[in-house]
Amino acid sequence: MRTLHAILFTILLAAHAAAQDPHAMAPPAPTTPRVASNINTGLIGIRVRTARPGDVIRVPAGIYREHIRIETPLSLVAEPGAIIDGDGSGDIIEIAAPDVTVSGFVIRNTGIDLDKENAGVRAIAPRALIENNTLEDILFGIDLRDAHDSIVRGNRIGGKDLDIARRGDGVRLWRSDRALIENNHIHDGRDAVLWYSQGITVRGNTAIRCRYGFHLMYSDDVTLEDNEVAHNSVGIYIMYSRGITIRQNRMIRNRGPSGYGLGLKEADRFTIENNLMVANRAGVYLDGSPFSTQVPGVFTRNTIAFNDVGLTFLPAVRGNRFTLNNFIDNVEQVSILGRGSLKGNEFWHEETGNYWSDYLGYDQNQDGVGDFVHESYTLFESLVDRHPKLRILLFSPVEQAIEFVGRAVPAVRPEPKFIDEVPLMRPIAIESGRPAQQADRVGMTLTALAMVGGGLGLALLSRPVERRRRTSATGGDA
Amino acid sequence: MTTFPAHAPIRLAACPPPGLVANTLAIAQRELREAVRSRWFILYTLAFAVLGLSLSYVTAAAGGGMGLSGFGRTTAGLVNLVLLVVPLMGLTAGAGSIAGDRERGMLTYLLAQPVTRTEVLLGKYLGLSGALIACIALGLGACAAIMAWKGDATRPASLIWLGGLSLALAMGMLSLGMLVSVLARKASVAVGTGVFLWLVLVFATDLALMAGAIAMKLRIEELFAACLFNPLQVFKMWSLHAADASLDVLGPAGLYATEEFGAWLHAIFGASLLAWIVLPLIAASLIFARRAPV
Numbered sequence: 001m002r003t004l005h006a007i008l009f010t011i012l013l014a015a016h017a018a019a020q021d022p023h024a025m026a027p028p029a030p031t032t033p034r035v036a037s038n039i040n041t042g043l044i045g046i047r048v049r050t051a052r053p054g055d056v057i058r059v060p061a062g063i064y065r066e067h068i069r070i071e072t073p074l075s076l077v078a079e080p081g082a083i084i085d086g087d088g089s090g091d092i093i094e095i096a097a098p099d100v101t102v103s104g105f106v107i108r109n110t111g112i113d114l115d116k117e118n119a120g121v122r123a124i125a126p127r128a129l130i131e132n133n134t135l136e137d138i139l140f141g142i143d144l145r146d147a148h149d150s151i152v153r154g155n156r157i158g159g160k161d162l163d164i165a166r167r168g169d170g171v172r173l174w175r176s177d178r179a180l181i182e183n184n185h186i187h188d189g190r191d192a193v194l195w196y197s198q199g200i201t202v203r204g205n206t207a208i209r210c211r212y213g214f215h216l217m218y219s220d221d222v223t224l225e226d227n228e229v230a231h232n233s234v235g236i237y238i239m240y241s242r243g244i245t246i247r248q249n250r251m252i253r254n255r256g257p258s259g260y261g262l263g264l265k266e267a268d269r270f271t272i273e274n275n276l277m278v279a280n281r282a283g284v285y286l287d288g289s290p291f292s293t294q295v296p297g298v299f300t301r302n303t304i305a306f307n308d309v310g311l312t313f314l315p316a317v318r319g320n321r322f323t324l325n326n327f328i329d330n331v332e333q334v335s336i337l338g339r340g341s342l343k344g345n346e347f348w349h350e351e352t353g354n355y356w357s358d359y360l361g362y363d364q365n366q367d368g369v370g371d372f373v374h375e376s377y378t379l380f381e382s383l384v385d386r387h388p389k390l391r392i393l394l395f396s397p398v399e400q401a402i403e404f405v406g407r408a409v410p411a412v413r414p415e416p417k418f419i420d421e422v423p424l425m426r427p428i429a430i431e432s433g434r435p436a437q438q439a440d441r442v443g444m445t446l447t448a449l450a451m452v453g454g455g456l457g458l459a460l461l462s463r464p465v466e467r468r469r470r471t472s473a474t475g476g477d478a
Numbered sequence: 479m480t481t482f483p484a485h486a487p488i489r490l491a492a493c494p495p496p497g498l499v500a501n502t503l504a505i506a507q508r509e510l511r512e513a514v515r516s517r518w519f520i521l522y523t524l525a526f527a528v529l530g531l532s533l534s535y536v537t538a539a540a541g542g543g544m545g546l547s548g549f550g551r552t553t554a555g556l557v558n559l560v561l562l563v564v565p566l567m568g569l570t571a572g573a574g575s576i577a578g579d580r581e582r583g584m585l586t587y588l589l590a591q592p593v594t595r596t597e598v599l600l601g602k603y604l605g606l607s608g609a610l611i612a613c614i615a616l617g618l619g620a621c622a623a624i625m626a627w628k629g630d631a632t633r634p635a636s637l638i639w640l641g642g643l644s645l646a647l648a649m650g651m652l653s654l655g656m657l658v659s660v661l662a663r664k665a666s667v668a669v670g671t672g673v674f675l676w677l678v679l680v681f682a683t684d685l686a687l688m689a690g691a692i693a694m695k696l697r698i699e700e701l702f703a704a705c706l707f708n709p710l711q712v713f714k715m716w717s718l719h720a721a722d723a724s725l726d727v728l729g730p731a732g733l734y735a736t737e738e739f740g741a742w743l744h745a746i747f748g749a750s751l752l753a754w755i756v757l758p759l760i761a762a763s764l765i766f767a768r769r770a771p772v
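Residue numbers (my numbering), protein chains in the order written: chain H, 1 to 478; chain X, 479 to 772.
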């Protein structure tokens, strides 16, 4: 186990993924925002400074190169085309009063100082409403600090084109309870991260090409639903948090050294339902979750398909219950690292099991449940779980040869990895949004035509050539 | 034919006398013609196409009708099929070529013509390559047709990559087969050796690699380097790399390769396969040119 960890750690290092290693990240201590001399000196700033509580300030189109600090409860509403440009330094808008609205702006070009955490919009007072803004070229996007009951809705947040280690978080919450994060589109940032924030709802967002799509640290009673996280290093990562509901999210193609659709590290009381995890390196990664074994970790009605590994368990993980999930064509359906055992987890409960695309049994009595137990024992997989480096031989004929030996020779057959006594015969329908990929039928048809045509052409090539040569030969004789 | 027109030298320069290229192509055409009509070509094409068809059919059905499809699961299955069938095809076709002709006395007849031994060897190689191209294109084309019909989400580009790489693998194995053919006295011995080599490349080297990785605790760099010597592994890694732009499906060693070499992987894999095509062929032609008359 120790060597395995050492290997994994080396890989992480080799992949210069200090930024992607959850353990390497210290909690960022929020620095006190420093008031620079150029704050509230521009056109908007002057109006903000002189506004009375409850004012609505409408900002006409134009480019405003300024930094704003709002100290009065007011609404700052952009007319189309209003752009606030930070000129590559500092924060852009800081909300220091409660009940402030910032809406409809293009906010761009913050500083790149990670120590000062330069942000597009930073709220340090409760009940901020930040909606329909477009944040471009920013280090941190929207940063809520002690901003309880705030709403972040309908923003587009795009990070700076920096190395992942030098990027900031697209959205960050720090001790901001009961916030709503809704319908935002976050791309090319580091994380959308919740620190010490309770009772948050994260709904309808997309996060692409980030490090972690959504990342929970010590944040309890959080609901994540209907989000789409794709092409990140990790789709959703839950750490040290309790009371988590994750439903109807789509986690697609999160790859790389971490590469989890959903990661759970020492999380507790979680329900994972109706999600789609497709083409990730690992669909679900379980590390010490559930942390206490009082309440089982619930996984139900998820479709976990076409991942390199469907479920990855660290050796000591126990207390999870999987029912009514679809496990479709993952290269390896379930993997337990090292020499651990899956005995503490349930892959069926009472009368309900899961759908396994590699189930080999049949259903004579037509009740939708396979007549034989689904036992997963594959010699090659168990070898690979113990020696991950052997994965390089995956898809080789030798893999099938070893599986064949494992089936034919009971003496070398490994213990079943897990058992599902009531496997489903057909995948169950789930509501988790659109399918992941569309087929390119036209392209494929053209490919087929080109290949068959080319092949036939080549095979028939000899005949006309022969005839031509014969005629030329006769011509020569004449 | 005794007097040339005044502009004859120019015409001669524009249209060189039959030499290496023309002779080689003539022999290649003959070889292709013969191969296409032969039983092995038809059998291999049929086997390849039927296996590929059933595979694409089955994997398209396994998606469970959920409108889901993965990162070319079908492609992965096809990779496996190619790994088994194509090397066998290349090795046996190559092994049977020179040795077979020698046994039938065809070689004596060929070498009595105004052609060099290198031309004969190259011509045969090209002709057989053409036959293998036709075989692979027909087989994969049939699979593509099934995938288009079933709406499989495999990208056409990855299938085309697979075709091209299969061809490179086939040519490498053909080259190795011809080396065997040049060395062997009898056609049966040559083909037997070809099949043995196939077994070694398909199973024995990988098993040895597994054993080595576990027993000798090979590091992932060494494991990856060792895999580069097996054309089958190179083909497999390259086609996964081309289909998915990442080798992380192959675990730590794959991650290492992706991070360490990135875009250079294409060059590395290409160099390895090219070596397998060129080196045995050069060796074969050197040996063939030096051997005693048949």
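Ideal placement from N, C-alpha and C gives every residue a C-beta, glycine not left out.
For residue i, the three-state DSSP class (helix, strand or coil)
i: X/T594; result: coil
i: H/L460; result: coil
i: H/F105; result: coil
i: X/D684; result: helix
i: X/D726; result: helix
i: H/A97; result: coil
i: H/S75; result: strand
i: H/R209; result: coil
i: H/T312; result: strand
i: H/N326; result: strand
i: X/S534; result: helix
i: H/K160; result: coil
i: H/S176; result: coil
Span of the alpha helix (DSSP H), counted from its first residue to its last, around residue i
i: H/W348; result: It is not in any alpha helix (DSSP H) - H/W348 carries neither H nor E in the DSSP assignment.
i: H/D385; result: L379 to R386
i: H/T50; result: L43 to T50
i: H/F418; result: Counting along the chain, H/F418 falls outside any alpha helix (DSSP H), though it belongs to the beta strand (DSSP E) covering F418 to D420.
Terminal residues of the beta strand (DSSP E) in which residue i lies
i: X/A646; result: Premise fails: X/A646 lies in the alpha helix (DSSP H), P634 to L661, not in any beta strand (DSSP E).
i: H/F322; result: N320 to T323
i: H/F306; result: H/F306 -> no beta strand (DSSP E), and no H or E assigned at all.
i: H/Q364; result: Per DSSP, H/Q364 belongs to no beta strand (DSSP E) and is neither H nor E.
i: H/V152; result: I151 to R153
Residue i versus residue j: straight-line alpha-carbon distance, rounded
i: X/I692; j: X/I698; result: 11 Å
i: X/L687; j: X/S750; result: 18 Å
i: H/G259; j: H/R127; result: 35 Å
i: H/G344; j: H/R269; result: 16 Å
i: X/L521; j: H/N320; result: 52 Å
i: X/F674; j: X/G641; result: 25 Å
i: H/N326; j: H/N249; result: 15 Å
i: H/I112; j: H/I157; result: 15 Å
i: H/H23; j: H/P257; result: Since pLDDT at H/H23 reaches only 45, below the 50 mark, its modelled position is unreliable, and no value is offered.
i: H/T101; j: H/V77; result: 8 Å
i: H/L311; j: H/H231; result: 18 Å
i: H/E421; j: H/F299; result: 17 Å
i: X/G655; j: X/L569; result: 4 Å
i: X/A527; j: X/L647; result: 18 Å
i: X/R595; j: X/L589; result: 7 Å
Other residues of its chain near residue i: CB distance less than 6 Å, five sequence neighbours each side excluded
i: X/A668; result: A573, A577, V658, S659 and A662
i: X/G608; result: L510
Sequence-distant residues of the same chain with beta carbon closer than 7 Å to residue i, five excluded per side
i: H/D385; result: S335, I336 and L337
i: H/A390; result: The question names Ala, yet the displayed sequence has Leu at residue 390 of chain H. Cβ neighbours of H/L390 beyond the five flanking positions: L383 and V384.
i: X/G732; result: L725 and D726
Residue i Cβ short of 6 Å to the ligand HEM heavy atom set
i: X/V680; result: The ligand HEM is absent from the structure shown, which contains no ligand whatsoever.
Chain-order list of residues whose beta-carbon lies under 8 Å from that of residue i (same chain, five-residue window excluded)
i: H/E266; result: M239, Y240, D287, G288, S289 and F291
> What residues in the region 449-462 of chain H bring their beta carbon closer than 9 Å to a beta carbon of chain X?
Replying inline: L449, A450, M451, V452, G453, G454, G455, L456, G457, L458, A459, L460, L461 and S462
> Any residues in the region 587-611 of chain X with a beta carbon nearer than 7 Å to a beta carbon of chain H? Which ones, in chain order?
Replying inline: G608 and I611
>> Can you pull out the residues from the region 567-579 of chain X whose beta carbon lies closer than 7 Å to at least one beta carbon of chain H?
In response: none
>> Tell me which residues of the region 387-399 of chain H have at least one Cβ-Cβ distance to chain X shorter than 7 Å, keeping chain order.
In response: H387, P388, K389, L390, R391, I392, L393, L394, F395, S396, P397 and V398
> Which residues, in order along the region 636-647 of chain X, keep a beta-carbon less than 7 Å from a beta-carbon of chain H?
Replying inline: L637, I638 and G641
> Relative to chain X, which residues along the region 196-225 of chain H have a C-beta separation below 8 Å, given in chain order?
Replying inline: none
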